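**Student:** So that we are looking at the same thing, I have put the structure below in structure tokens.
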Amino acid sequence: MIAQNIAFGVIAATMVGAAIRLVTTQNVVRAALFLVLVLAGAAAQFLLLSADFVAIVQVLVYIGAIVVLFLFGIMLTRAPIGRDVGLDNEQRWLAALVGALLLGVIVYVTNDAFGSDKINFGRIASAGHTTPSIAVSIFQSYVVPFEVVSVLLLAALVGSIVVARRD
Amino acid sequence: MTFAVVLHLAYWQLTIIKLLVVLSVVPLGALVLGYVFLMKVMAHMQSRLGPMDSGGLASRPGLRENPFLPHGWFQLIGDFVKFVQKEDIFPALADRWVFALAPAVVIMSTFLLFVVVPAGPHLIAQNLDVGIFFALAVSSLSVLGVLMAGWASANKYSLMGALRAAGQLIAYELPMVLGIMGVVVQAGTMSLQGIVLAQAHGSIFGFGRLGEPFVITQFFGFLLFLAAAQAELIQTPFDMPLAESELVAGYLTEYSGLRYLLFYMAETASAFAFAAIAATLFLGGWYLPGIGPSRQLADVIGPFVLGAKIMLVAFLIYWIRFTYPRLREDQLQTFAWKYLIPLSLVNILVTGILKVVF
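So the sequence lines, in the order shown, correspond to chains A and B. Residues in the first sequence are numbered from 1 upward in steps of one, following this note's numbering. Residues in the second sequence are numbered from 168 upward in steps of one, following this note's numbering.
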């Protein structure tokens, strides 16, 4: 499991670095591109845990759709190249405080819930393909909640179109 | 007679070999398609003289029919030399990092496409059980590179081209995904290897000698895929992002030399990749009727069978490109949202019903 640990460390360090640059950069488009790096790192971590389906969904939905939509929106409105001084504001210390508190809560909760539990890679490897089991749980065990959520999303879509339409 | 070649390679040796093969497929595929279609076929269809004749020898009477003389293949060398010796220009106001990274992002998404395409029963870089889903996910990454290129160029034409390209790639991703769904439903798997095997073991009304190429049962899905692929590749009739009469060269306007060549290579290699995926999904991939998937021979001839099928699909893609004029931007979006997507939904419905009935 040494290789996995090294890979985890490298990816995690990249993610943290990209996340710091994401909030400190003074350019909206560059911030969105650093977000891509963070999300890709998350996908790579999923792959390390043998969760290939979730990793691919992460790439397809978050990078391929959501960040592209971000960029699309930014570029359609105002996206100057270079530093945008107006991006910095006076709330950075408050934001740092909130961030530190959030980190503390997450670290405490994770530590409290899992403690010294180890991920059982042998069991993951013997379980084989994860995609069919995801499909079975979504479309057999939890088909009713799944359909309810999709109706909710449809309602949200229709609602947003109604709100956005002028006539 | 068996062709058993038994090699025991460590995991890292195998990984390096796979990496090298995948890395070499992109330039090779781009070169083959670029030469055969973008030069020869286009030159013959549109009466372009340069790519048919350059090299001089072939224009002498009597030597024209000799296939070993340079029937225009000097053009390829000339083009390469031209790209390499050009100056690498950065626009003064460009965001240098993003500008330089954009071609790398586009070509990386093309490289990743080849990871899941099988060329034989054992010749596959990684047999993911979500193979086709993976291919669609990584092909959507090229939008990111296109947007980066257009924005970082600090040029209104580039930005307009990039926005058009992004809108187009997002719009046509849906009919592509939904068109493939029919095949996935019929094969019962998302693994590309599994889809090939399903076609090899299938039969048409009890006649199993040819297997069951899904182009017959999913002909409509095949057409949807070809239309969407044409738009995803940003080729005529869907090449508004690069419309030279309106936008100079769209998001490629500020690129020159090797960086432009990278974009060009990515485009041609993506055509190769989409042709490979279409050949695998609809034409049976590496499977040749008569040679069962369990035979060693299938691994030997697999790449060549797949190559022949790729050339067939690529010919269709380029034939359309060389024949039709450009659509208008709004016609493009209407075509995707009002026609292709509803039709692909109907295709899934019908396939699902037939799957349950039979």
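Ideal Cβ positions, reconstructed from N, Cα and C, are used throughout, including at glycine. Being a predicted model, the structure only gives us computed values, none of them experimental.
Could you tell me if residue 81 (chain A) is buried or exposed, where buried requires 16 or more neighbouring beta carbons within 10 angstroms of its beta carbon?
**Tutor:** It counts as buried.
**Student:** What's the C-alpha gap between residue 203 (chain B) and residue 481 (chain B)?
**Tutor:** Straight-line Cα distance between these residues: approximately 10 angstroms.
**Student:** Relative to the C-alpha of residue 297 (chain B), which candidate in B:401, B:280, B:520, B:248 has its C-alpha closest?
**Tutor:** Nearest C-alpha to residue 297 (chain B): B:280.
**Student:** Measure from the alpha carbon of residue 247 (chain B) to the alpha carbon of each residue in B:276, B:201, B:275, B:211, then state which is nearest.
**Tutor:** The option with the nearest alpha carbon to residue 247 (chain B) is B:201.
**Student:** Is it true that the CB of residue 313 (chain B) sits closer than 9 angstroms to the CB of residue 302 (chain B)?
**Tutor:** Taking 9 angstroms as the Cβ cut-off, residue 302 (chain B) and residue 313 (chain B) do not qualify as a contacting pair.
**Student:** Mind checking if residue 334 (chain B) is an interface residue toward chain A, Cβ cutoff 9 angstroms exclusive?
**Tutor:** Cβ-Cβ to chain A under 9 angstroms: yes for residue 334 (chain B).
**Student:** If you pair each beta-carbon of the region 41-55 of chain A with each one of the region 69-79 of chain A, do three or more pairs fall below 8 angstroms?
**Tutor:** Contact between the region 41-55 of chain A and the region 69-79 of chain A is absent, because fewer than three Cβ pairs lie under 8 angstroms.
**Student:** According to the Cβ coordinates, are residue 68 (chain A) and residue 437 (chain B) closer than 9 angstroms?
**Tutor:** In this structure, residue 437 (chain B) does not lie closer than 9 angstroms to residue 68 (chain A) by Cβ.
**Student:** Taking the C-alpha atoms as reference points, what is the distance between residue 432 (chain B) and residue 135 (chain A)?
**Tutor:** Distance between the alpha carbons of residue 432 (chain B) and residue 135 (chain A): 37 angstroms.
**Student:** Going by beta-carbon coordinates alone, are residue 337 (chain B) and residue 388 (chain B) separated by less than 9 angstroms?
**Tutor:** Going by C-beta atoms, residue 337 (chain B) is not nearer than 9 angstroms to residue 388 (chain B).
**Student:** Give me the Cβ distance between residue 292 (chain B) and residue 185 (chain B), rounded to the nearest whole Å; I'm assuming they're in contact under 8 angstroms.
**Tutor:** Right, their Cβ atoms sit about 5 angstroms apart.
**Student:** Across the region 481-491 of chain B and the region 387-407 of chain B, are there enough close Cβ pairs to call them in contact, namely three or more that are closer than 8 angstroms?
**Tutor:** Verdict: yes, contact present.
**Student:** Kindly list, in the order they appear in chain B, the residues whose Cβ is closer than 7 angstroms to that of residue 144 (chain A).
**Tutor:** Those do not exist, as residue 144 (chain A) stays about 20 angstroms from chain B at its closest Cβ, beyond 7 angstroms.
**Student:** Secondary structure at residue 118 (chain A), three-state DSSP: helix, strand or coil?
**Tutor:** Here residue 118 (chain A) sits in coil by DSSP.
**Student:** Identify the contact partners of residue 318 (chain B) in chain A, using a Cβ-Cβ distance below 9 angstroms as the criterion.
**Tutor:** 29, 71, 74, 75, 79, 81, listed in chain order.
**Student:** Is residue 162 (chain B) helix, strand or coil by DSSP?
**Tutor:** Residue numbering for chain B in the displayed model covers 168 to 525; residue 162 (chain B) lies beyond these limits and cannot be assessed.
**Student:** What's the C-alpha gap between residue 543 (chain B) and residue 494 (chain B)?
**Tutor:** What is shown of chain B runs 168 to 525, which leaves residue 543 (chain B) out entirely.
**Student:** Cα-Cα, which of B:446, B:394, B:342 is closest to residue 380 (chain B)?
**Tutor:** Minimum Cα distance to residue 380 (chain B) is reached at B:446.
**Student:** Buried or exposed for residue 196 (chain B), going by 16 or more other Cβ atoms inside 10 Å?
**Tutor:** Buried, since its Cβ has 16 or more Cβ neighbours within 10 Å.
**Student:** Does the pairing of the region 150-162 of chain A with the region 255-262 of chain B give three or more beta-carbon distances under 8 angstroms?
**Tutor:** Cβ pair count under 8 angstroms is below three, so no.
**Student:** Residue 84 (chain A) CB to nearest chain B CB: under 9 angstroms?
**Tutor:** Not an interface residue.
**Student:** Which residues in the same chain as residue 496 (chain B) place their Cβ atom closer than 6 angstroms to its Cβ, once the five residues preceding and following it in sequence are excluded?
**Tutor:** Within the same chain, residue 496 (chain B) has close Cβ partners 407.
**Student:** Under 7 angstroms Cβ-Cβ, which residues of chain B neighbour residue 11 (chain A)?
**Tutor:** Chain B residues near residue 11 (chain A): none, gap ~17 angstroms exceeds 7 angstroms.
**Student:** Can you give me, in chain order, the residues of the region 250-263 of chain B that have a beta carbon less than 8 angstroms from any beta carbon in chain A?
**Tutor:** Against chain A - using a Cβ distance shorter than 8 angstroms - the residues of the region 250-263 of chain B are 260, 261, 262.
**Student:** Consult DSSP for residue 461 (chain B) and reduce its assignment to one of helix, strand or coil.
**Tutor:** Coil at residue 461 (chain B), not helix or strand.
**Student:** Distance check for residue 339 (chain B) and residue 397 (chain B), CA to CA, integer angstroms please.
**Tutor:** Each residue's Cα considered, the two are about 9 angstroms apart.
**Student:** Would you give the residue range spanned by the alpha helix (DSSP H) that residue 420 (chain B) belongs to?
**Tutor:** Segment: none, residue 420 (chain B) is in no alpha helix (DSSP H) and carries neither H nor E.
**Student:** Check residue 324 (chain B) in the structure and name its three-state DSSP category.
**Tutor:** Reduced to three states, the DSSP call for residue 324 (chain B) is helix.
**Student:** DSSP three-state call for residue 369 (chain B): helix, strand or coil?
**Tutor:** In the structure shown, residue 369 (chain B) sits in coil (DSSP, three-state: anything other than H, G, I, E or B).
**Student:** Inspect the beta-carbon positions of residue 300 (chain B) and residue 357 (chain B) and report whether they are closer than 9 angstroms.
**Tutor:** Cβ distance < 9 angstroms, so residue 300 (chain B) and residue 357 (chain B) count as in contact.
**Student:** Can you find at least 3 beta carbon pairs, one from the region 413-431 of chain B and one from the region 309-327 of chain B, that sit closer than 8 angstroms?
**Tutor:** Yes, they touch.
**Student:** Tell me where the alpha helix (DSSP H) around residue 385 (chain B) begins and ends.
**Tutor:** First-last for residue 385 (chain B): undefined, no H or E at that position.
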